[in-house]
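Q: Using full-length UniProt numbering, you'd call the opening residue of the sequence shown number 1 and step up by one each time.
A virtual CB, placed ideally from N, CA and C, is assigned to each residue, including glycine.
Being a predicted model, the structure only gives us computed values, none of them experimental.
What follows is a single structure, and I will ask about it in a moment.
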Amino acid sequence: MSVSEAPVGAQPGPESWTQSWPRWAPSAAATWGALYATVQLTWAVTGTTVPWTPGTPYAPVAQLLLALLAVVAAAACLATARPLTRAGATAVTTVLAVAVPVFVAGMISLPLQFVTLVSGSGVESATGLAHVLLDTAGAGLLVLTAAGHRRRLRGRCVRCGQAHRGVGAGPLLHPDASTASRRTRVAVYALMCGIVPWAGVKTVWTLGGDALGVTAEEWDRANAAAPASARALASVGIDITVLAALLAIFLLLGLMYRWGMVFPRWTLFLSGRRVPRLLPLVPAWLTAASLSVYGIGLTVYAPLTAVGVLPAIEPSGGFTRAGLTWMIAFGGLAFAGLGLGLVVAARSYASRTHPFCAVAGERNLWTAAR
């Protein structure tokens, strides 16, 4: 059966650099590991301050450990492209299982860095931003390499992840546009509701109202040092962080519906063309983990401070202790809801848009015909 007899909506196309990632991801990850280790060693030797949190820098010993982990991960990535014994495969899997969470944790502040830059607030720390970007690049390359390694161990095609004869080469087929399942949509909409209290309180302040014991005037004074763009939006009742959250909701909707797979009419000259699957997936993946971890942390922290298990943050800017606790809880619900919603929606989108080799498509059609 030929490629032209593929399922309706499946379109073959030439292999691009994004589709040939199994060939270049291990070497790219190894190159990143060498660069990352060099940068960390340079910072450690020269005593350069690299913020871990706003008030806590990375200790030199932590930078040395990160450099060592990057070197070991680079070696493991290069090994994935070669035949491995059972012990070697286990060692590589273990290294990647340790390295991926470490460098994913290092990119947690990426959404905050993005909002800060877009709002015009500038860069608080050049080394901090560089560290986050290096961790983000490394996490992405290590995840790709780990995915290819897992598929090799399972005897699947490294490129499309399916079991078929022949190497992963030739044209790829793209599934037809589809909508996420009802279960996925219900889960994502429920998670999106977490933004309502947080966005509602901030909108009340920007519109001149009082909430949680804080007046609009006190809120304005607390944000007097905000950049001009943020103040301009606030003057018309729009908080810039709420606007960023609305962009995340737009991304969530695109991940769930057909217009996120095929450009709709309002995109003018792009109308009817297939959306590159990485266009929505990359920002979703980059922000999902960070927002989820940050939001869950705030959601757990707020009640623990309320009952005295953890020390509370000293209120300022007109907040009472109770009001600040509620605002932290609202922020936790909003960020965790958006982050977990992106995880669920991106997983569905990745599955619905996953391309497969034409050989696999022919095999599936033959099986269905039988």
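(1) Go to P149, then tell me how far its alpha helix (DSSP H) extends in each direction, as first and last residue.
(2) So what does DSSP say about T305, is it helix, strand or coil?
(3) Short of 8 Å in beta carbon distance, which residues of its chain neighbour L68, apart from the five on each side in sequence? Order them along the chain.
(4) Do you know whose CA, among P57, A130 and G213, lies nearest V39's CA?
(5) Identify the continuous beta strand (DSSP E) that holds P51 and give its terminal residues.
(6) Below 8 Å on the Cβ atoms is my guess for F330 versus P111; work out the distance and round it to an integer in Å.
(7) Grab me the residues of A99's own chain with a C-beta within less than 7 Å of its C-beta, minus the 5 sequence neighbours each way, in chain order.
(8) Starting from the C-beta of A368, find all residues in its chain whose C-beta is less than 7 Å away, skip the five residues before and the five after it, and write them out in chain order.
(9) Among P60, G33 and L35, which one has its Cα closest to the Cα of T46?
(10) Only counting the same chain, and skipping five residues up and downstream in sequence, which positions put a Cβ closer than 7 Å to that of E217?
(11) So, do the segment 295-307 and the segment 241-259 have three or more beta carbon pairs nearer to each other than 8 Å?
(12) Below 6 Å CB to CB, which residues in the same chain sit around L270 once its five sequence neighbours on both sides are set aside?
(13) According to the Cβ coordinates, are G213 and L333 closer than 8 Å?
(14) Look at the alpha carbon of A350 and the alpha carbon of A177, and state the distance between them as a whole number of angstroms.
(15) Compute the Euclidean distance between the alpha carbons of R274 and M261, then round it to the nearest angstrom.
(16) Would L134 be called buried (16 or more neighbouring beta carbons within 10 Å of its own) or exposed?
(17) To the nearest angstrom, how far is the alpha carbon of G128 from that of P51?
(18) Below 6 Å CB to CB, which residues in the same chain sit around E124 once its five sequence neighbours on both sides are set aside?
(19) Figure out for me which residue from L342, I238, Y294 and F103 has the closest Cα to the Cα of A248.
(20) With distance defined between alpha-carbon atoms, name the residue in V71, L252 and H174 nearest to T31.
(21) For the segment 255-291, list the beta strand (DSSP E) runs that are entirely contained and at least 3 residues long, ordered along the chain.
(22) Could you work out which residue in A147, V102, T203 and L144 is closest to S290 when comparing CA atoms only?
(23) Going by the CB atoms, is the gap between G297 and M192 shorter than 8 Å?
(24) Do you know how far the Cα of C77 is from the Cα of A25?
(25) Secondary structure at L207, three-state DSSP: helix, strand or coil?
(26) When you compare the CB positions of T136 and L96, do they come within less than 8 Å of one another, or not?
(27) Who are the Cβ neighbours of S20 in its own chain at under 8 Å, not counting the five residues just before and after it?
(28) For I328, which of Y294, H164, G148 and R154 has the nearest alpha-carbon?
(29) Is it right to say W285 is buried, meaning 16 or more other beta carbons lie within 10 angstroms of its own, or is it exposed?
(30) With which residues is T56 paired in a DSSP beta bridge?
(31) Excluding the 5 residues flanking P57 on each side, which residues of the same chain have their C-beta closer than 8 Å to its C-beta?
(32) Along the chain, where does the alpha helix (DSSP H) containing D220 start, and where does it finish?
(33) Please determine, among A81, G88 and G106, the residue with the shortest C-alpha to C-alpha distance to A62.
(34) Within this structure, are the beta carbons of A163 and G155 separated by less than 8 Å?
(35) How should V242 be labelled, buried or exposed, when 16 other C-beta atoms within 10 angstroms of its C-beta is the threshold for buried?
(36) In three-state DSSP terms, what is M192?
A: Reading off the structure:
(1) One point to set straight first is that residue 149 is His, not Pro, in the sequence displayed. Start and end: A126 to L153.
(2) helix
(3) A37
(4) Comparing C-alpha distances from V39 to each of P57, A130 and G213 shows the shortest one belongs to A130.
(5) P51 to T53
(6) At roughly 17 Å, the Cβ-Cβ gap does not stay under 8 Å, so F330 and P111 are not in contact.
(7) The residues are L69, A73 and L142.
(8) Since pLDDT at A368 reaches only 39, below the 50 mark, its modelled position is unreliable, and the value read off the structure follows with that caveat. Nothing meets the Cβ criterion.
(9) P60
(10) none
(11) no
(12) Only F263 meet the Cβ criterion.
(13) no
(14) 12 Å
(15) 6 Å
(16) buried
(17) 5 Å
(18) Here E124 has no same chain residue with a Cβ atom under 6 Å from its own Cβ, once five neighbours each way along the sequence are excluded.
(19) L342
(20) V71
(21) As far as the segment 255-291 is concerned, it has no whole beta strand (DSSP E) run of at least 3 residues.
(22) V102
(23) Cβ atoms of M192 and G297: not closer than 8 Å.
(24) Whole-angstrom Cα-Cα distance: 8 Å.
(25) coil
(26) no
(27) Closer than 8 Å at the Cβ level, and outside the excluded window around S20, lie R159.
(28) With distances taken between Cα atoms, I328 lies closest to Y294.
(29) Around the C-beta of W285, 16 or more other C-beta atoms lie within 10 Å, and the residue is accordingly described as buried.
(30) T53
(31) T49, V50 and P51
(32) A216 to A222
(33) G106
(34) yes
(35) So V242 ends up on the buried side.
(36) Judged by DSSP in its simplified three-state form, M192 adopts helix.
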